[in-house]
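S.K.:
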Amino acid sequence: MRPDGVNTMKIDKDILAYVSSEKRDSRIVEGTDETTVGERFSFEEYMVTTEKHPYAEDNTDEAFGIITTGIEPLEITESGATITGYINTERRKDVRLGTYVIVPYVEEDLFARIWKMQYKQEFVVDDATEIHSRRMLRSNTTDEVDYKFLAYLDPICILYPRGKGLARRMSDRIPRPNTPILPVKDKTKIQTGLNIPGEGLFLGHLSVGGEVVKTHAVPPTVPYYLRNDYSMGDPLVFRHMLVCGSTGTGKTFLTKNILRQFMAEENRYNVRGTSARKNPCLVVLDPQDEYSQMLEDNPELTADDAFSFRSEKIDFGGCINTRTFVAKVDGQSYNGRSRAQQMEFTIPFEMVRNNSWLMAPVGMTDLQYQGVELLLDDFFKKAGDHTYDRFLEHISDDLTRDNYVQSGKVHEASYDGIVRRVRDRSLSRVFDQPARPIDQMLEEIIRPGQVSVFPTEYISNSRIRDLITLTLMTIIVDNKLSTKLNTPGETAVKETPIILALDEAHRYLASTSGEHSRRIVSKFAEAARQGRKEALGLCLITQDPQDIDDTVFKQVNTRIILNLTNDAAIGALKVKKEYEKRIPYLKKGQMIVHSPDNSDMVEIMGLQSCVVKHI
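Per this note's numbering, the sequence shown starts with residue -8, numbered consecutively.
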């Protein structure tokens, strides 16, 4: 009751009655208030039929709705399409952004995804009023029938029969109005529509909004495989892969599951210049000491897990040929997490002869770096042992200093800075230690079918960790690109397919202004370009993809994207806008896969269990 005596409840009831009558009138009479329902039409004309739609391959009971022209005209052009569907009230809860659908023709199907959803009022009622708001809040009900739920379709391709199977072509036809919009329940149609290979290296299961897509097949999920044969050129493993995600998003868990697939016995690759096909050697640069666990089975896997893995051709179980190669570092000891065989090595200073950037971790200016290259060149021309200690003696000698400074070869300040840098304890602790030189162990490190893990977690000094990582990168890249093979070890590197997994890749492949960094990146970019013919595949793992140099980044074909919240990182990936917006909301195990030579961009869900041991 208002102060003026008017009964507000009566107003609400009157409005409600008016709205209800307006709805009835607009549903039946369409503007005339005299014609009765019976005079206008028979209800029988509007009864839902149970007959199958002539274009539908599945029962229309499963249909989400129909193609409609009641909102916008149907349109398809070379630059895009406008295809709108009305979604039935009982199926609205089953539709979300990204849902895949089929719109049938007579002998073909339009394969599409929902890219936009919209509610529109069915009747001319203004719901943007105070009275309407209060009434709806009291009633706490919404009549779905009173609203149009519209789904806008993004046509992906046309599916058509070819031989005994299916093929795809560009979307060059427009669906007829009132054609059913059907969920995709045929696994073959989904795989063909998205251009996903039917077999290969397993990455995960197709999903939409974090829910795995289900079909009528057994098993019902749609596995996502990476093409792993030579039917369309080289396997995609040699076109390189990027796994990126924020800390704690499951990068290592996922990467283990992927790398395990590479090590299946049947995966053999061509070796350039020979007729041989060999299993790859997986080399992992491991800053967290987690990958040596690939030796062992996951003790938590159940019999159901094993059955599921086998049914979808997912390789699981430990890789028995797993070895851990441990750098001998003065003052540090390694206590591994796994039972993998351990072998110690040292880095001989002799390796610096042709790889001066191995000195980079101690940090030098460009002038200092140019100076140290001159000093190294002259030092290695001298007779005798070329050890780190002898090099330090060489540059610490006053006569040597005077010679370089007075001749103008190296500025006095730069020379003194070089000496200080070279005396850095991080170098003396790692070069020429009492262990086997790494360049004499290549035949043991690089073996077909072997997982060779290089842990660095036990080393407290970041400069030493970087030096070890750069050394191994250099060994593999130099010998893969080399045409002169002088030792059996160098031949082993050249003639073995190698997958190099580099964690924290941004630390070593970053865009910087330093000369030594440019040389490292340049060499790695060349290795990436030659990877296909030299059977070298890179798996780069990082939380900062924006920091990886563009020349290397451009060579990466397959990008697996987990949750990222950094706008710069997301922008660097250059994915479609509709997927870009999802990245900050991806759950653990949920990922976006962009592999242009393999399939359309898709969302997939990784396995909930690790196929090897993971602690």
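Glycine included, every Cβ here is placed at the ideal spot set by N, Cα and C.
In the DSSP assignment, find the unbroken alpha helix (DSSP H) run with ARG392 in it and report its ends.
M.R.: ARG392 -> alpha helix (DSSP H) spans 389 to 397.
S.K.: Under 8 Å by Cβ, that's how I've got GLU495 and THR465 pegged, so tell me the actual separation to the nearest angstrom.
M.R.: That belief does not hold up - the Cβ atoms of GLU495 and THR465 are roughly 17 Å apart, past 8 Å.
S.K.: If you drop the 5 nearest sequence neighbours on each side, which residues of the same chain put their C-beta closer than 8 Å to that of THR556?
M.R.: Closer than 8 Å at the Cβ level, and outside the excluded window around THR556, lie SER237, PRO575.
S.K.: Would you kindly report the start and end of the unbroken alpha helix (DSSP H) that includes LEU564?
M.R.: Element bounds for LEU564: 558 to 564.
S.K.: Going by DSSP, what residue range makes up the alpha helix (DSSP H) through VAL468?
M.R.: 453 to 472 is the span of the alpha helix (DSSP H), which, as asked, contains VAL468.
S.K.: Can you round the beta-carbon distance between HIS585 and ARG550 to whole angstroms, since I take them to be within the 8 Å contact cut?
M.R.: At roughly 5 Å, the Cβ-Cβ gap stays under 8 Å, so HIS585 and ARG550 are in contact.
S.K.: Spatial neighbours of THR90 within its chain, please: CB distance less than 7 Å, with the 5 preceding and 5 following residues excluded, ordered by chain position.
M.R.: Excluding residues within five positions, the ones whose Cβ falls inside 7 Å are ARG104, ILE105, VAL199.
S.K.: Taking the alpha-carbon positions, what's the GLN252 to ILE58 distance?
M.R.: Roughly 42 Å separates the two Cα atoms.
S.K.: If we ignore side chains and look at the alpha-carbon of each, how far apart do CYS601 and LEU286 end up?
M.R.: Those two C-alpha atoms are separated by around 13 Å.
S.K.: Rounding to the nearest angstrom, what Cα-Cα distance links ASP306 and THR474 in this structure?
M.R.: Going by the C-alpha atoms only, they are around 36 Å apart.
S.K.: Could you tell me the alpha carbon to alpha carbon distance between GLN333 and ALA297, rounded to whole angstroms?
M.R.: Rounded to the nearest angstrom, the two C-alpha atoms are 30 Å apart.
S.K.: Figure out for me which residue from LEU598, ILE338, GLU281 has the closest Cα to the Cα of GLY327.
M.R.: Of LEU598, ILE338, GLU281, the residue nearest in Cα terms is GLU281.
S.K.: Would you call LEU250 buried or exposed, if buried means 16 or more other Cβ atoms sit within 10 Å of its Cβ?
M.R.: Buried, by the Cβ-count rule.
S.K.: If the criterion is Cβ atoms closer than 8 Å, does the pair LEU418 and TYR449 meet it?
M.R.: Against a cut-off of 8 Å, the Cβ pair of TYR449 and LEU418 comes out as no contact.
S.K.: Who are the Cβ neighbours of LEU458 in its own chain at under 8 Å, not counting the five residues just before and after it?
M.R.: ILE338, LEU349, PRO352, SER417, LEU418, VAL421, listed in sequence order.
S.K.: Ignore the nearest five residues each way along the sequence and tell me which others in VAL593's own chain have a CB closer than 8 Å to its CB.
M.R.: Excluding residues within five positions, the ones whose Cβ falls inside 8 Å are LEU185, ILE187, LEU197, TYR215, ILE583, VAL584.
S.K.: My output table needs one value for ILE62: the three-state DSSP class, helix, strand or coil.
M.R.: Coil, per DSSP.
S.K.: Is DSSP giving SER124 helix, strand or coil here?
M.R.: In this structure, SER124 counts as helix in the three-state DSSP scheme.
S.K.: When you compare the CB positions of ALA54 and LEU144, do they come within less than 8 Å of one another, or not?
M.R.: Contact flag unset, no.
S.K.: Do ALA516 and LEU527 come within 8 Å of each other at the CB atom, strictly closer than that value?
M.R.: No.
S.K.: Indicate the three-state DSSP secondary structure (helix, strand or coil) for GLU384 in the structure shown.
M.R.: Reduced to three states, the DSSP call for GLU384 is helix.
S.K.: Hey, could you find the ends of the alpha helix (DSSP H) ALA404 is sitting in?
M.R.: Note, ALA404: alpha helix (DSSP H), 403 to 413.
S.K.: So, using beta-carbon positions, are CYS310 and MET254 closer together than 8 Å?
M.R.: Cβ distance < 8 Å, so CYS310 and MET254 count as in contact.
S.K.: Could you tell me the alpha carbon to alpha carbon distance between ARG259 and LEU88, rounded to whole angstroms?
M.R.: So the two alpha carbons sit approximately 40 Å from each other.
S.K.: Which term fits GLN182, buried or exposed, when burial requires 16 or more other beta carbons within 10 angstroms of its beta carbon?
M.R.: Result: buried.
S.K.: In the DSSP assignment, what are the bridge partners of ARG314?
M.R.: Looking at the DSSP assignment, ARG314 forms a beta bridge with GLN332, SER443.
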